[in-house]
Structure formats: C-alpha cells, structure tokens
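In this note's numbering, the protein residues as written are 22 to 671.
The C-beta atom is built at its ideal place from N, Cα and C for all residues, glycine as well.
Read the structure below first, then the notes.
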C-alpha cells in the first residue's frame, strides 16, 4: 500500500459549513445508479468548467482558518458566490449521504404508493405474522416436492393455501369460483420444504350453463363489449373444463394431494365425484382428506363422520383459525422426501429478474405468458376478468437466462370497479399493483387496434413511480390492416405521444395467439434489466455532468442567485439513482432537472428504465452545533489556506 499527498487550490470550492445536506421536497423521478468507483468532486459553476481531479480511493480534504469558522456558520446560506477560500469536504461522508438519500426516497415512495383501498380480510392478514421464515438452504422452486390442494368451489382451498405459505397470496372471498389458475407458494414444516399448489374448484357434476355461471361467478356483460353473444356463451361453456385442466395438471405434478371438503356444508354430490376421480386415477399418490371449517373440536368429530364413506381417513381442520393444520402438515411431510440444499449455501445466488405482464382486460396478457412458457399455464378466454390472482411462472430463455413471469388480472378504472360492486375484482387489481411492485421489468400490454386510454396512462405513471423497467408490448399486431414499412414507425410515434411518462420504454410488436415475435419480448426485457442494473463509472458521470453544465448553466433567479452543483454520484441501481449535492435545490427548476435527465440519457443510455435524480440542499446548522463541528474539523486541518487531499492506493 502506498500513499500520495497533493495540494490543490480552488478559489471556488464548497466549504464544510455547507454540509450536511437536507432532503429536497421537490424531487424528480429519473433512473438510479450507484458508483462503486471513486467519487468525483464536482465543484462550483464556471463559465468554463475546470477539469476536476478523479480521486482513486477514499479521500479526505481539509480546511483552514478557524477564526472565520463561526462567522461562516452564521453566513453560510447567504454565501452563494465564491468567497475565494478553500474548505474541507469529506467525500466518503458525501457518498454515505447519497446512499442514505436514495434509501430515504425509496422509503418515502413506498409509503406513498401503498394501495389505499386494501380490502384483504384482516383475519387472513394475521396469517402472515404467524408463519416464520424458512431457515433452510436456498433451494430452487423446481426441485421442491409439490403438494396440491383440490376440491369443489368455495370449500376454503385458497384460505388453506394462505395458511400454509404464510401470507395473503391467494384471493379469499366468500363466493365460489374465485380461484381459476394454478397458484404456487413455498411452505415448510420442520426440516421439510415444499411447494403448495392452489387450484380452482372442480365441477364434475353436469350442470346447466346458468348454474355454471353462478358457481364460477362469471359475467357476460362487464368488459364484453364487441364480443358476439355466441362467443360469450361458448367461452362460458368451456370455462369449467379449463379450470379442471389446471387442477389436473397440479395433481399430476404433485406427490401429495390434499382433498379439501366443507364440514359445515356436509357431503355433496360434487365431493363424491371428486373422491371417485381421485381413487380411480391417483391412488399411486398420497391423498389426505381434510375437512375444513371445523373450528370446534367437539363438533369436528361429528362433522367428519359422514366423510368416512370416501375410503380416506378424514382430518378435521380450520384454515381460518389454524386448528388441525399441524397434524395435517405432519401427515403431508411423512410422505415427502427431503431435498438437500445447495452445496455452497454461502455462494451468492444469481438474481432472477421478475417480469410482470400488466394491462387492461382482454389485451392478451395470459396469451403472452402461455406463448412464452410453451404451455397452457393460465386460462385464456374472452370472458373479462378470467385471471384473478397474480400467477408466477419460471421461464428460461434461449441463452440460459432465468426469468420469473407474472401474469396479472386486467386493471380497470377504479370507478368502474366500484360501480360493478365486485370485491373479487378489486382484490385482483390490488394483486396486479403488488405484482408491479415486486417485479423488475413490467411489460405493459396494449391492443393494437384499441386506442390508448386514460387507464393505460395511469398504469404507465404507476410503473414509473415504482421505478421499474418497462417495455410496451403492442399485441394482436396481425389485426392492423394494410401494414407497410412505415406502419410501425408511425404507430410508435403515436404511442410515445400519448404515453409520455414512458417515452424511454422500447416498443415491441407481437401476436401472442399465434406465437409471433413473443421471443422479442424476452430479448427486450433482458436488455432493460441490464440497463436498470448498470452502474456508471465516476469518470463517465463527471464528464456527462460537466458537459451538461458547460452547454447550459442553471439560470439565475430574479435575486441574482444561481444554482451550483458541488458533487454528483450514483447512489443506487434498480432503478439507477443519481444524487446531486447543490447549494439550494429550489434554484433548480423542473425544466433544468428534465434537461439534466435528458443529457444523462443521451450520453449514458439507460433505455427502458426510469432514472431518479435526487437533489440535496445544504442544511442550516444551529450556531452551537456549527461551532463544534468546525472546531473539530479545524483541529485536523493544515495551517494554510490551500485545499489539501490525500489519496491512498493499494
């Protein structure tokens, strides 16, 4: 290790009494970055900005003249122009302050973006607190054994699923037919860890179309404008078989099956048919008959008695209160094989990007997911609101890159949801917004022939505020008539004009139902994720900021004050976040902040990701605190008025 010490004299430098900095109330959203390379000192504004030194490691810069310290503390905020003196700057402290600013702003946004109309049952929310986190080694989902929960509609399958995985993953509403697709979640019991699969209600008994619509809570009016009546009726007729295929796929891939029945409703014809179906086809698997809604132990014995006729040993449980779930998990784990953890649990696991597919109803979100994974992972139907839960699926691209795809429910306007009076739809929309929050990249799907609506713009604004990467997928591109080489160009111009908050997002055209160009969605998402995780070197960032200042300096106010940038650093990634330390954030107008963002995008890229620019003002310090701080710094400073710095290299 060697140390080099040099001396520099800057007539226009930031004095120590201008530190620390306060959080600016007016913050613009742009892309995040965090610099791992040495910080760079960007000082006051000049007509010809000086070439600033690049420090290769941690530096400390010292200052002199403690006789003027007290006076400087009092007059710090009036000293907008250079006083010709050099003062101390702790660049390492600024880096820490920048990271703190990024965390502070991220926390602030999280509070602001909490969904106001949260309608989850508070009884279900308590489940999340009762389930501890697994302490086992990180095992990939596809290696874990699977446990399927099957039964007729409205017996409490989703409530039991939430109880086992510990949270509110599945929508629980006191109405039948809420769950339709397969929903996966990790659970553990003792030394065992496994995947629980929630399924839709199985309807094996022949019923009329009206009864099927009632049992599955299907509507043929909401969101079905423009679809012929015959198509609506055909879709309703296919819905039960599509739900049953999803349940069958879950049973096929599971080693243990939990057959759930309703102890309060008693034995029904649908329960009998499901029991016959399981005995006929899946006796090679371990089947547990769980009788739900048996909150009272005494009544539970009577409630389960009539289910002995199925040929299985019934077990009374209550998914709501947790009664009997311990015995249920003991039975389940007795037939599961332990999965060994990774060889080196301390080895860092590669980040698997999550891609949320969102948009208005009936734009083809589920079709895109099925085309990507190559199977009917989710139900595709012209019936509005077919998808309820946020469905996670694992996907491996052609280059071996792994992704987690999240299919979501269609997002309608809040007023339309309220007018329909559907609690299930409100919860589905909340799940969609949660999927955006836990994703890395969002694929906003729009229909080629449909106009971009106000709801599309609101979804776009939400994506930007969440700081997620984004690509715009124009689906059903084959429906555009008379296309030529200029069609895509004109269409993209129209999209960017209407979705101005996402003018940085790439546009991809696809026809998911035919599988055309769906691979381009993954390619674009992979590129967006790389841009979202990119870090700018300090030298590059400094050069971009200096060129931006040289081309256009911050305008002066009517009082003659001008904004001055003292220091800039990349504080975070995902999304890229830049922190600018300035004399007064109020002196930088929104126009100039947009200009700085534009220059960063022009010179540094960051296509497909928002970038955040945070502006930190120096804080007025109380006189006594200021004296103590500056006296402590002055005792360490050399006795000259030159700016001294030390550079340590290894």
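According to DSSP, which residues form a beta bridge with residue i?
| i | result |
| --- | --- |
| residue 335 | 310 |
| residue 423 | 417 |
| residue 465 | 379, 493 |
| residue 636 | 601 |
| residue 537 | 532 |
| residue 205 | 218 |
| residue 277 | 168, 307 |
| residue 213 | 210 |
| residue 282 | 312 |
| residue 410 | Bridge partners of residue 410: none, in fact. |
| residue 428 | 378, 412 |
| residue 586 | 603 |
Roughly how many whole angstroms lie between the Cα atoms of residue i and residue j?
| i | j | result |
| --- | --- | --- |
| residue 342 | residue 220 | 21 angstroms |
| residue 451 | residue 524 | 26 angstroms |
| residue 268 | residue 203 | 7 angstroms |
| residue 307 | residue 337 | 18 angstroms |
| residue 357 | residue 222 | 25 angstroms |
| residue 176 | residue 415 | 29 angstroms |
| residue 392 | residue 615 | 39 angstroms |
| residue 276 | residue 169 | 8 angstroms |
| residue 434 | residue 484 | 16 angstroms |
| residue 425 | residue 413 | 7 angstroms |
| residue 629 | residue 598 | 14 angstroms |
| residue 497 | residue 585 | 50 angstroms |
| residue 213 | residue 360 | 8 angstroms |
| residue 395 | residue 113 | 50 angstroms |
| residue 334 | residue 295 | 16 angstroms |
| residue 407 | residue 438 | 15 angstroms |
| residue 634 | residue 541 | 30 angstroms |
| residue 382 | residue 422 | 29 angstroms |
| residue 127 | residue 420 | 33 angstroms |
| residue 387 | residue 427 | 10 angstroms |
| residue 207 | residue 576 | 56 angstroms |
| residue 558 | residue 443 | 51 angstroms |
| residue 300 | residue 285 | 24 angstroms |
With 16 other CB atoms within 10 Å as the buried threshold, where does residue i fall?
| i | result |
| --- | --- |
| residue 350 | buried |
| residue 315 | buried |
| residue 460 | buried |
| residue 283 | buried |
| residue 302 | exposed |
| residue 531 | buried |
| residue 92 | Only weak support is given to the placement of residue 92: the predicted model assigns it a pLDDT of 34, under 50, and the value that follows is read from those uncertain coordinates. Residue 92 should be labelled exposed. |
| residue 355 | exposed |
| residue 317 | exposed |
| residue 474 | exposed |
| residue 205 | buried |
| residue 345 | buried |
| residue 617 | buried |
| residue 552 | buried |
| residue 329 | exposed |
| residue 131 | exposed |
| residue 209 | buried |
| residue 321 | buried |
| residue 25 | Here the model assigns residue 25 a pLDDT of 39, short of 50, so the residue's position is not dependable and the matter cannot be decided. |
| residue 477 | buried |
| residue 313 | buried |
Taking Cβ positions, are residue i and residue j nearer each other than 8 angstroms?
| i | j | result |
| --- | --- | --- |
| residue 592 | residue 464 | no |
| residue 389 | residue 539 | yes |
| residue 379 | residue 429 | yes |
| residue 590 | residue 119 | yes |
| residue 603 | residue 638 | yes |
| residue 331 | residue 310 | yes |
| residue 265 | residue 167 | no |
| residue 215 | residue 134 | no |
| residue 493 | residue 528 | yes |
| residue 280 | residue 171 | yes |
| residue 271 | residue 218 | yes |
| residue 457 | residue 489 | yes |
| residue 571 | residue 520 | no |
| residue 182 | residue 190 | yes |
| residue 543 | residue 385 | no |
| residue 180 | residue 377 | no |
For the pair the segment 617–630 and the segment 555–569, tell me if three or more CB-CB distances fall below 8 angstroms. yes
Do the segment 321–333 and the segment 372–380 make contact, defined as three or more Cβ pairs closer than 8 angstroms? no
Is it a yes or a no for the segment 531–543 touching the segment 501–509, going by three-plus beta-carbon pairs under 8 angstroms? no
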